[in-house]
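See structure below.
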Amino acid sequence: MRKVLLYICSVFILGGMTSCEDFLDKREDVGLTEDDIFRDYYSLRGFLDQSFNQLENVMVMDNWENGRAFVGLFADEMATTDNSSAVFTLHSGNWLSNAKSNKTFEIGNAGSTAISRSYKALRINNRIINDIDKAPLTPEQKNEILGQAYFYRSWFYFQIIKRYGGMPIIDKVFEGGDDDIPRMTYHESHDWMMEDIQKAIYMLPDSWDDPNYGRPTKIAAMALKEWAQLFDASPLMQNDLNSTENKGYDTERAKSAAKSAYEVIRYMDGSKSAPYPYGLASKEEYTNVFYFKYPPVHQPEYIWVKRQFPNAANQNQKRTIRTFWQYEDLAFGSGPDGNSMCCPSLNIVNMFDKKGADGIYYPIDDPRSGYALDYDHKPFEDRDPRFYNNILLPGTTWGHYADGRTYYITTYKGGAAYQHMLTQKDCNKRMFTGFMCKKFMWPECNQYLEKNNPNCWWDYRFLTIYIRASQIYLDYAEALFEGCGSATATIEGCPISAAEAINILRRRIGLTDLPSDIVADPDKFRAAYRRERAVELMFENHRWWDIRRWMILEETFKDTYPIKGALFTPRESNHGSITDKSTLTYDYEQIDITPEVRSFTKKNYWYPLPQHDVDALNNLQQNPYW
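According to UniProt numbering, the sequence shown is numbered sequentially starting from 1.
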């Protein structure tokens, strides 16, 4: 911890940005003096804006610094075809490589982990908050700077405590002698963080002008508040520093989270005439949430995003698509980037409902869904419409070649892409799940169309989304249900039920409401809202944090080989000579993806503190089982 505290107080690197947009276009500077920082409003705002540099940009492949490891790989959403992925250490569960490790293992971004980035940002914002009177500012300018600083300080502190649990209050620039600062409980850390969030809500504007779009706003702070409160109410966070037991939800804290979430919903409902309206995308607009024509940047679902595109100049968007979501023939290239792919698991595919004979959508383990993984039951027809937005199946048409011929996905057994993955040196030790991620890419982005349109990789843009409108409804439903114990109950400040909040999301995409018997059964409804969350926020950096705070890590990964896939075997023996691959039919088999080990135990609910710091400080307590 001494190293951590000294890092906060003495190590400060102003990272450069590759974006060339408005307030984000900042020159890299180091060694700024006190006079440099507090000279005037613009110098101080420039210093504040370095907080933006420290935000995780998980939608960027990042020049290999994150080891071709997309966030969907962390839990049970995906499997990788990359023989050398950085995610294997995470999956091992051993996040302290030796007894004197100076670091906690975490997959980084721009060569720096989220933990270290958060400490840098805390230093920036502590310095601003504590010394802002040194700058010659008008009251309006001071309010503007402080609102953002309080937001950033709470955001980055949240990133730390959701990994480590309760931590010391980091509200000042520590001196080198401040060695023995005790850890707080999670609740104590959270309650201090709430003070900052409340100040940010009060000070931040409703919107910024176009050049400044991307700065924190009032609704971003409101959304962070309810999200942090939901974490605070969750089972994992009810533990003190000595225990890791499932103690259930704190019902009163859950009710507080629900009330805060409804305040965000109410704010969105009143924003329709605002410069940037907020709310749920329609079914027709749904794809635009995940990739869109630029400009504009803002999409109605966006509440808090990183306004920084993967850079066209250094090919990062192309690298991201081809490394995370495409196989070699689409991506082009014979090396690890071209042959790595993050493939959706059958585990996550099974979260999508299927329409039953009565026209109602049911979970696939409900007999009324008519689901079975065999040819006769057509397992991938009549699924939740989001299935077809997120998942790409073998035999699907996907764009075309440069000469206009239709391109087909050949990831079925015996198909060209499938056979290639069995033998290529960079992926021959892995297994393919049967599915590809479609959520963030469009058919025109492939190496063949690049010959006709070199910009095909940038025809659309995508961003790292931290909070969007759908999440607010999901948070509300979970918090209200866990606070009240009923899916149909309402309380003061929460006029819609948890079931209605889930149904609002389902209706907008074309699904039927949750069946009444599921709504009436608390255990079934809990499974339903968690399933809905897994589907709606799929691959958006939520699943890993959710299964930890719910304390279902061991249950989720109880099998020796917990990650499953589906083998698609064409029923047509002459499939190689059939031109239209979309006409192929398949026999299906569930398979264990045996290379995908998940060696998580009770200790992995919390990240370990660097052992060097634990040994050096009297009051720094290591997390349980580490």
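Just so it is clear, CB atoms sit at the ideal spot from N, CA and C, and this is done for glycine as well. Remember, predicted model here, so these are calculated numbers, not experimental data.
- A straight line joining the alpha-carbon of L463 with that of W304 spans about 10 Å.
- Here the alpha carbons of K451 and A487 stand approximately 54 Å from one another.
- Under the rule that a run must span 4 or more residues, the alpha helix (DSSP H) segments found entirely inside the stretch 278 to 351 read 316 to 324, 328 to 331, 336 to 339, 346 to 349.
- Here C484 carries a helix assignment [DSSP, helix/strand/coil].
- By the neighbour-count definition (other C-beta atoms within 10 Å, threshold 16), K162 is a buried residue.
- Following the DSSP letters along the chain, one finds A135 in no beta strand (DSSP E), marked with neither H nor E.
- Take I132, set aside five residues on each side of it, and the residues of its chain with a beta-carbon closer than 7 Å to its own are K142, I145, L146, in chain order.
- Take N339, set aside five residues on each side of it, and the residues of its chain with a beta-carbon closer than 6 Å to its own are E328, Q424, D426, C427, in chain order.
- Rounded to the nearest whole angstrom, the CA to CA distance from T81 to K306 is 28 Å.
- About 6 Å separates the CB atoms of G434 and L567; that is less than 8 Å, so the two are in contact.
- If you ignore the 5 residues before and after N619, its C-beta comes within less than 6 Å of the C-beta of D180, P182, all in its own chain and listed in chain order.
- Assignment of C437 by DSSP, reduced to helix, strand and coil, places it in the strand class.
- The stretch 197 to 279 is shown to contain whole alpha helix (DSSP H) runs of 4 or more residues at 218 to 233, 251 to 269, in chain order.
- By the Cβ criterion, the stretch 473 to 482 is in contact with the stretch 244 to 254, since at least three pairs of Cβ atoms, one from each stretch, lie closer than 8 Å.
- For L567, the enclosing beta strand (DSSP E) stretches over residues 564 to 570.
- In the structure shown, G165 falls within a coil segment according to DSSP collapsed to helix, strand and coil.
- The beta carbon of Y625 sits closer than 6 Å to those of K602, K603, all from its chain and outside the five residues before and after it, given in chain order.
- Membership of R468 in the beta strand (DSSP E) is indicated by the continuous run 464 to 468.
- Of the residues assessed, E284 falls on the exposed side of the cut-off, its CB having fewer than 16 other CB atoms within 10 angstroms.
- Below 8 Å, too few C-beta pairs join the stretch 357 to 371 and the stretch 607 to 622 to call them touching: fewer than three.
- For T185 and M167, the gap between their C-alpha atoms comes out near 7 Å.
- Contact annotation: the stretch 434 to 445 touches the stretch 287 to 294, with at least three C-beta pairs closer than 8 Å.
- Beta-bridge partners of S116 (DSSP): none assigned.
- Here the C-alpha atom of G576 lies approximately 12 Å from the C-alpha atom of Y408.
- I169 and K272 have their C-alpha atoms spaced approximately 39 Å apart.
- The C-beta of L422 has fewer than 16 other C-beta atoms within 10 Å across all chains shown, which makes the residue exposed.
- The beta-bridge partner set that DSSP reports for D587 consists of T569.
- Following the DSSP letters along the chain, one finds M78 inside the beta strand (DSSP E) bounded by residues 78 to 80.
- In terms of Cβ geometry, L514 and A534 do not form a close pair [threshold 7 Å].
- Secondary structure of T423 (DSSP, three-state): helix.
- If you look at W545, you'll find it in the alpha helix (DSSP H) that goes 543 to 549.
- Sequence-distant partners of T406 (beyond 5 residues in either direction) whose C-beta falls short of 7 Å from its own C-beta, in its chain, are T397, H400.
- When A149, S282, Q229, Q148 are compared, the shortest CA-CA separation from S260 is found for Q229.
- Only buried fits Y302, as 16 or more other CB atoms lie within 10 angstroms of its CB.
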